[in-house]
Amino acid sequence: MREGDRWVAEWNAEPFFRWPGLRIVEARDGRARIELLVEEHHRGGGGTGAVNGGIIAYLFDGLLGTAVFSSREDIVGQVTVSLNITYLRMLEAERQVVGTARVISGGRNLVFAQGEVMDEQGNVCATCSGIYRIFTDRHG
Numbered sequence: 684m685r686e687g688d689r690w691v692a693e694w695n696a697e698p699f700f701r702w703p704g705l706r707i708v709e710a711r712d713g714r715a716r717i718e719l720l721v722e723e724h725h726r727g728g729g730g731t732g733a734v735n736g737g738i739i740a741y742l743f744d745g746l747l748g749t750a751v752f753s754s755r756e757d758i759v760g761q762v763t764v765s766l767n768i769t770y771l772r773m774l775e776a777e778r779q780v781v782g783t784a785r786v787i788s789g790g791r792n793l794v795f796a797q798g799e800v801m802d803e804q805g806n807v808c809a810t811c812s813g814i815y816r817i818f819t820d821r822h823g
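Just so you know, we're using our numbering here: the sequence shown kicks off at 684 and counts up by one.
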């Protein structure tokens, strides 16, 4: 478990989160919640006004990575090894979508996480599983 919320504020200020409009709402104990304020440039999924699948993938990478980082104090860095996304329905939202994730398993170097993205009515529109390679302070 990573203590404190200072790192969350720092991550929210990073271009990776700021540029697309992502905001970490909660991250602790291997769980994370992220919001995306939907803007016009997020839309265009399948020729509709739905949120584009690439934006959803971007959200999942940040979301699952945040859950992973929050799971252990000794993580100093991480890279995505694999993301497997299942799109269940169009993600239509007027204003905001929410993603939640949790770590499901982890070893010395790899951590496995799952997440879901919901529309404004709470319908799950996409799910994701991911594997992250972590780097700890023990590696120098």
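For every residue, glycine included, the Cβ atom is placed at its ideal position computed from N, Cα and C.
Being a predicted model, the structure only gives us computed values, none of them experimental.
Give me, in chain order, the residues of the same chain whose beta-carbon lies closer than 6 Å to that of residue i; leave out the 5 immediate sequence neighbours on both sides.
i: L747; result: A784, A796, G798 and G813
i: E697; result: none
i: F752; result: I758
i: I738; result: H725
Consult DSSP for residue i and reduce its assignment to one of helix, strand or coil.
i: E748; result: According to the sequence provided, residue 748 is Gly. The question's Glu does not apply to it. In the structure shown, G748 sits in a helix (DSSP, three-state: H, G or I).
Within a Cβ cutoff of 8 Å, which residues of the same chain sit near residue i, ignoring the five residues on either side of it in sequence?
i: R778; result: L720, V721 and E803
Roughly how many angstroms lie between the CA atoms of residue i and residue j, to the nearest whole one?
i: V762; j: A740; result: 15 Å
i: R816; j: E775; result: 32 Å
i: E718; j: M801; result: 10 Å
Of all Cβ atoms in chain D, is any one closer than 9 Å to the Cβ of residue i?
i: Q804; result: Absence of chain D from the displayed structure is noted, only one protein chain being present.
>> I want to know whether the stretch 695-710 touches the stretch 790-810 - three or more CB-CB distances under 8 Å.
In response: no
>> Suppose only complete runs of 3+ residues qualify. What are the beta strand (DSSP E) ranges in the stretch 707-738, listed by chain order?
In response: 714-720 and 726-728
>> Give the list of continuous beta strand (DSSP E) stretches no shorter than 3 residues that lie fully inside the stretch 732-818.
In response: 758-770, 779-789 and 793-801
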